[in-house]
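Residue numbers (UniProt numbering): 1 to 218.
The beta-carbon is built from N, C-alpha and C at its ideal position, and this holds for glycine as well.
Here's the structure, in structure tokens; my notes come after.
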């Protein structure tokens, strides 16, 4: 059992109930900042673990069994989607894959809709787009907004405007999460929020599709 696995399970549990990590903490009667990413590493750089009391309160507040939570810790992200948590019956399941995998062949059709059997699943409430999907962020190019391991929900049907966080696939097969800085009739400019990473500018024909991120676990 790893430190990252525990926190990822808490983020996934929050996503299952349509909450941010701070929203989950508040629902459980905890300090709203208890699960913030900044609280997961101490000032000395050492990993901080959630207390057993905090986990117990979260499971009670969400009517989730310990077995269901353990399945999330071990990587069975779809366990709650299949009803292992008693409160998850009304949630809808959508495809989930890692951002690093998404650039491979066979995961999206030409319109950018998820296809194939290589996806996991996650349950989310109140997502109206029938083609919505979820990606697990990898890397730190979008910190501090999206961190490694965060789950984002992407809607191909949502209108995209300047300043939106988006997932973009290029004609070369690259898939990236960025912020849309500017789109003209000829070019698309994308920004990495972490200044240590480059921003990008593409001619419009170089972009296969661009979808808006409508929710993120944080």
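Residue i vs residue j beta-carbon contact at 8 Å
i, j, result
"residue 181", "residue 162", "yes"
"residue 13", "residue 72", "yes"
"residue 120", "residue 96", "yes"
"residue 15", "residue 124", "yes"
"residue 253", "residue 9", "Residue 253 lies beyond the residue range present for the chain, which begins at 1 and ends at 218; the question has no answer from this structure."
"residue 153", "residue 185", "no"
"residue 94", "residue 137", "no"
"residue 217", "residue 61", "no"
"residue 160", "residue 210", "yes"
As assigned by DSSP and simplified to three states, the class of residue i
i, result
"residue 146", "coil"
"residue 172", "coil"
"residue 95", "strand"
"residue 120", "strand"
"residue 43", "coil"
"residue 115", "coil"
"residue 108", "strand"
"residue 202", "strand"
"residue 70", "helix"
"residue 135", "strand"
"residue 208", "strand"
"residue 216", "strand"
"residue 84", "Low local confidence applies: a pLDDT of 36 at residue 84 is under 50, so the model's placement there is unreliable, and no value is given."
"residue 153", "strand"
"residue 160", "coil"
"residue 3", "helix"
"residue 89", "Unreliable placement is indicated for residue 89, whose pLDDT of 44 sits below 50; no coordinate value is reported for it."
"residue 61", "helix"
"residue 13", "helix"
"residue 38", "helix"
"residue 19", "coil"
Own chain residues within Cβ distance below 7 Å of residue i, not counting five before or after
i, result
"residue 192", "141, 142, 178, 198, 199"
"residue 30", "54, 57"
"residue 3", "47, 49"
"residue 203", "186, 187"
"residue 113", "131, 156"
Same chain, Cβ closer than 6 Å to residue i, neighbours up to 5 away in sequence not counted
i, result
"residue 106", "116"
"residue 25", "32, 34, 35"
"residue 215", "153"
"residue 157", "129"
"residue 194", "140, 141, 143"
Min CB distance residue i to chain B below 8 Å
i, result
"residue 209", "Structure shown: chain B not included; a single protein chain is present."
Close-in-space but distant-in-sequence residues of the same chain around residue i (CB under 8 Å, 5 per side omitted)
i, result
"residue 175", "99, 102, 103, 167, 168, 169"
"residue 251", "No answer is possible for residue 251: the residues shown for the chain start at 1 and end at 218."
"residue 201", "187, 188, 189, 190"
Per DSSP, the bridge partner or partners of residue i
i, result
"residue 191", "179"
"residue 165", "179"
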